[in-house]
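4 protein chains.
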Amino acid sequence: MIKVTVWNEFLHERKGEVVKKVYPEGIHAQIKSFLDTEEDITVRTATLDEPECGLTEEVLNDTDVLIWWAHMAHEKVPDEIARRVADRVLMGMGMIFLHSAHYSKPMKILLGTTCSLAWRDGSRERLWCTAPTHPIAQGLPLYIDIEREEMYGEFFDVPKPDDVVFTGWYNTGEVFRSVITYVRGHGKIVYIQPGHETNPIYYNPYIQKIIKNAVRFAAPCENLRDTLECSNEPAPLEK
Amino acid sequence: MIKVTVWNEFLHERKGEVVKKVYPEGIHAQIKSFLDTEEDITVRTATLDEPECGLTEEVLNDTDVLIWWAHMAHEKVPDEIARRVADRVLMGMGMIFLHSAHYSKPMKILLGTTCSLAWRDGSRERLWCTAPTHPIAQGLPLYIDIEREEMYGEFFDVPKPDDVVFTGWYNTGEVFRSVITYVRGHGKIVYIQPGHETNPIYYNPYIQKIIKNAVRFAAPCENLRDTLECSNEPAPLEK
Amino acid sequence: MIKVTVWNEFLHERKGEVVKKVYPEGIHAQIKSFLDTEEDITVRTATLDEPECGLTEEVLNDTDVLIWWAHMAHEKVPDEIARRVADRVLMGMGMIFLHSAHYSKPMKILLGTTCSLAWRDGSRERLWCTAPTHPIAQGLPLYIDIEREEMYGEFFDVPKPDDVVFTGWYNTGEVFRSVITYVRGHGKIVYIQPGHETNPIYYNPYIQKIIKNAVRFAAPCENLRDTLECSNEPAPLEK
Amino acid sequence: MIKVTVWNEFLHERKGEVVKKVYPEGIHAQIKSFLDTEEDITVRTATLDEPECGLTEEVLNDTDVLIWWAHMAHEKVPDEIARRVADRVLMGMGMIFLHSAHYSKPMKILLGTTCSLAWRDGSRERLWCTAPTHPIAQGLPLYIDIEREEMYGEFFDVPKPDDVVFTGWYNTGEVFRSVITYVRGHGKIVYIQPGHETNPIYYNPYIQKIIKNAVRFAAPCENLRDTLECSNEPAPLEK
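Protein chains in written order, with this note's numbering: chain A, 103 to 341; chain B, 103 to 341; chain C, 103 to 341; chain D, 103 to 341.
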């Protein structure tokens, strides 16, 4: 069983009428709902306004894969919580950053770059699979159409990904490395670009499939790590 | 002309008799001395005890490649200075981390992992070239012997490098990804493992050649970047 | 169920007394024997002296992962069979090349380089895990000792691997990228260096574990490919 | 001085009126003409109908970077010549494949995959820089518009590139990894997608700049290789 925690800042859905209509219970609730249908996945949620953002040591230690949606309140997440999340990833927890979470504190900490990009709302997007053997691409067609999505375009200031699983095309003339993966420490990281709060992206069965695949891909490996520190090895292996 | 700043915490050389004998003027002075002989390189130095660690905005803006040696006082570098250095790298400055600088604040910020490793003093090392076409390997033999060096061994908790230019072999039984490269933002980063303060590593002509090559490799590219921020692009390229 | 075919040229074991003692039924039989114990794997074997080298279209079409051991008779494999194997990999079959199969026709075809290396018999080897989250590394320790193995050393003329799962250390002073992976077309490829015919490598539980993991890693993905050819797409997706 | 040989099958330009109008002296002549203006580059040409395709041992041994344009007569290049070219690349010669040369014998040999793709004539294309620090991207803007080009789209069956320097966007709805690089053996390889014979691509100053940059990038490194064979090393480095 893969234990997923879906974290959402949960502000847009309570403040904006448009967003409320799309996600009346919150983006996290919608993501939870389609992951809940999977037999090997169990889901809880956490939001910004909970104590410690709902990301206590206890919760994180009980999380295999953390999904992160955020947009307007990145700075509201205390540095200490962001560091805690990043350290858990380095210890082996999987991490999926959605859409505007490219600018969240944990993503910036883990990737080390600014994660800045070009943007404009109101494009049609087509995701092209550029790594058909990747676990995240399984069961998905060569391309996926998204009727309306915020354009996130190059240059995307991230480290060269391990894999660019999907490359985005926009009718407005841009491209983007839309679904990308990294390993950092013992943890796997996936960034998935579609997911603007005013569009019903998380109702799209293909996007749901990408997220489900990403959860299984990012689930912790068997090899455990017992420390993030250097280890002094006093005894040489050879004399 | 490539403008290099060699930064050194400059503590070991003043506190320890052994180190003082090897580097009487400091590690930075020795690195400066062999880079100074290159016609296309101009060098200044900076140390921890200078105001702002010698790394004012002015100095950094006038630096093409920053070389960093540090060991016992990583925490003495203020967060603000470390962030300033990292941001300059993301804007395009080259960065070379030497030996124990694997644990420096700027390296951790830029790579996002712990950069932890296994260690023990007192090995012989042999560096094997595993990327013979890489600019940093030019003019160097297939392998380089180092009579005595501190063992830094795997697992080295860094992101998968763009290139592993040299892989280290130790007579005590370990291996290491010893000379590795990354691109982060517009900046190029090189980590070079040999360089323990008690060994005359920076007098070794091969190591000097590696550092000279690394300086030229990491020198800023022609394409400039004018911001680290996202850019809103109101006008679509297509209608 | 993963269908594995173990291919062996099966010459050393019939010609040399030393090898016959180590692998009386042939290397392929020993590999089959330890894979046969896995519930999700079913194994057949094929050898050079069978018609079409035992690698008919029928056999290959019924193979999920092909394991290849060869040394003295690479040239005896007809070009047509080598091409057939490579094409099956590009269509999605997994491929594991063992030890001296680095110089086999299918490996050279698929990787495009010479696959040449430095070699000498009679070393002790230690395999260091340099990618602990990789599926092939799961359940294995940080390092594995091999009492006696042929030294295969750098420079290893292969394309930069997707992952260097294990890096080899030799008591005789060399290093090697010993367990490496690639994706080519829809197929996954693993090269595993230990396995000299005079040493009981394939009785070593760690090496067996590496091969078992490699079989599962290289098993075909769900996404199928229906052609190796270009596709003309007369109808534009946009007008 | 970088010695470039531009190879062209030179058939379209003699058979088709449309192409003849665009490239009256042949595509190779046009490429030669803009490279000839560079002080550090000297150019010769070779075509399919010359003895040994104009690619004798002597010519190849005197070539630093080989540029290859071909489309309708890939099969007319003898296997022996294709192998000779590939071996020269593995020894260190740079290689630039243009447009439909994706399906040439040397490119398939060197990359090991089918190099197949989706295609349709008659799109507008925009090349987006996705690796702004790469030598091939220097002096070029964030994106380049091409008024009319043949669409080459994903899935492009090539190994994961070292770098995707430009990603192509098409008004007809596709994307492509348009300018990509590899190292194979001691040689550097660049593939550049624009260049359909009916379009005046090689008069475009940006494409010319990309090719000039690619020539300098692919020029042989200083480290020489003296053989493509394995080397037996009888004397251990350690006792």
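Beta carbons are placed, not taken as given, at the ideal position from N, Cα and C, and that holds for glycine.
Beta carbon of residue i nearer than 7 Å to that of residue j
i: threonine 235 (chain C); j: glutamate 256 (chain B); result: no
i: glutamate 331 (chain B); j: serine 202 (chain A); result: no
i: glutamate 322 (chain A); j: aspartate 166 (chain A); result: Note on residue identity: the sequence assigns proline, not glutamate, to residue 322 (chain A). Yes, these two residues count as a Cβ contact at 7 Å.
i: tryptophan 271 (chain B); j: arginine 228 (chain B); result: yes
i: valine 179 (chain C); j: cysteine 155 (chain C); result: yes
i: isoleucine 104 (chain D); j: isoleucine 143 (chain D); result: yes
i: arginine 222 (chain D); j: glutamate 182 (chain C); result: no
i: lysine 123 (chain D); j: glutamate 115 (chain D); result: no
i: valine 108 (chain D); j: isoleucine 133 (chain D); result: yes
i: proline 237 (chain D); j: asparagine 306 (chain D); result: no
i: threonine 300 (chain D); j: valine 120 (chain D); result: yes
i: alanine 172 (chain C); j: glutamate 111 (chain C); result: yes
i: threonine 274 (chain D); j: leucine 137 (chain C); result: no
i: lysine 341 (chain A); j: alanine 320 (chain A); result: no
Nearest-angstrom Cβ-Cβ length linking residue i and residue j, presumed shorter than 8 Å
i: isoleucine 312 (chain A); j: leucine 242 (chain A); result: 7 Å
i: glycine 297 (chain D); j: tyrosine 304 (chain D); result: 7 Å
i: valine 281 (chain C); j: isoleucine 198 (chain C); result: About 10 Å separates the two Cβ atoms, so there is no contact after all.
i: arginine 279 (chain C); j: proline 263 (chain C); result: 6 Å
i: glutamate 150 (chain D); j: valine 187 (chain D); result: Looking at the sequence provided, one finds leucine at residue 150 (chain D) rather than glutamate. Not really, about 13 Å apart at Cβ, beyond 8 Å.
i: leucine 168 (chain D); j: methionine 193 (chain D); result: Between methionine 193 (chain D) and leucine 168 (chain D) the Cβ distance is about 12 Å, and since that is not below 8 Å, they are no contact.
i: alanine 175 (chain B); j: leucine 244 (chain B); result: In fact, because the Cβ distance is near 37 Å, the residues do not count as touching under 8 Å.
i: proline 302 (chain C); j: tyrosine 284 (chain C); result: That belief does not hold up - the Cβ atoms of proline 302 (chain C) and tyrosine 284 (chain C) are roughly 28 Å apart, past 8 Å.
i: threonine 361 (chain B); j: threonine 269 (chain C); result: Only positions 103 to 341 of chain B appear in this structure, which leaves residue 361 (chain B) out of reach.
DSSP-derived helix/strand/coil call for residue i
i: arginine 116 (chain D); result: helix
i: glutamate 252 (chain D); result: strand
i: asparagine 306 (chain D); result: coil
i: alanine 343 (chain D); result: No statement about residue 343 (chain D) is possible, as the shown extent of chain D runs from 103 to 341 and does not include it.
i: arginine 226 (chain A); result: strand
i: glycine 196 (chain A); result: strand
i: alanine 233 (chain D); result: coil
i: valine 191 (chain A); result: helix
i: alanine 172 (chain B); result: coil
i: serine 333 (chain C); result: strand
i: lysine 134 (chain A); result: helix
i: aspartate 259 (chain C); result: coil
i: aspartate 265 (chain A); result: strand
i: lysine 178 (chain A); result: helix
i: lysine 290 (chain A); result: strand
i: arginine 185 (chain A); result: helix
i: glycine 270 (chain D); result: strand
i: asparagine 315 (chain A); result: helix
i: asparagine 110 (chain C); result: strand
Contacting residues, own chain, Cβ-Cβ under 6 Å from residue i (five flanking each side not counted)
i: glutamate 276 (chain C); result: Met253 and Gly255
i: asparagine 325 (chain D); result: none
i: aspartate 265 (chain A); result: Ala233, His236 and Thr283
i: serine 246 (chain D); result: Residue 246 (chain D) is actually isoleucine in this sequence, not serine. Closer than 6 Å at the Cβ level, and outside the excluded window around isoleucine 246 (chain D), lie Leu229 and Tyr308.
i: histidine 204 (chain C); result: Cys217
Proximal residues to residue i (C-beta, below 7 Å), its chain only, five neighbours per side dropped
i: glutamate 249 (chain A); result: Arg226
i: alanine 239 (chain D); result: Cys231, Ala233 and Val267
i: aspartate 164 (chain C); result: Lys105
Contacting residues, own chain, Cβ-Cβ under 8 Å from residue i (five flanking each side not counted)
i: alanine 184 (chain B); result: Ser206, Lys207, Pro208 and Ile211
i: aspartate 259 (chain B); result: Thr215, Thr216, Cys217, Ser218 and Leu219
i: proline 126 (chain D); result: Glu115
i: glutamate 159 (chain C); result: Arg186
Going along the region 238-271 of chain C in order, which residues come within less than 7 Å of chain B, judged by CB to CB distance? Leu244, Glu256, Phe257, Thr269 and Trp271
Would you list, in chain order, the members of the region 307-333 of chain D that have their beta-carbon closer than 8 Å to a beta-carbon of chain C? Thr329, Leu330, Glu331, Cys332 and Ser333
If you measure beta-carbon to beta-carbon, which residues of the region 191-220 of chain C are closer than 8 Å to chain D? Leu192, Tyr205, Ile211, Leu212, Leu213, Gly214, Thr215, Thr216, Ser218, Leu219 and Ala220
Give, in chain order, every residue of the region 276-300 of chain A whose Cβ lies closer than 9 Å to some Cβ of chain C. Val285, Gly287, His288, Gly289 and Lys290
Give, in chain order, every residue of the region 157-188 of chain B whose Cβ lies closer than 9 Å to some Cβ of chain A. Ala188
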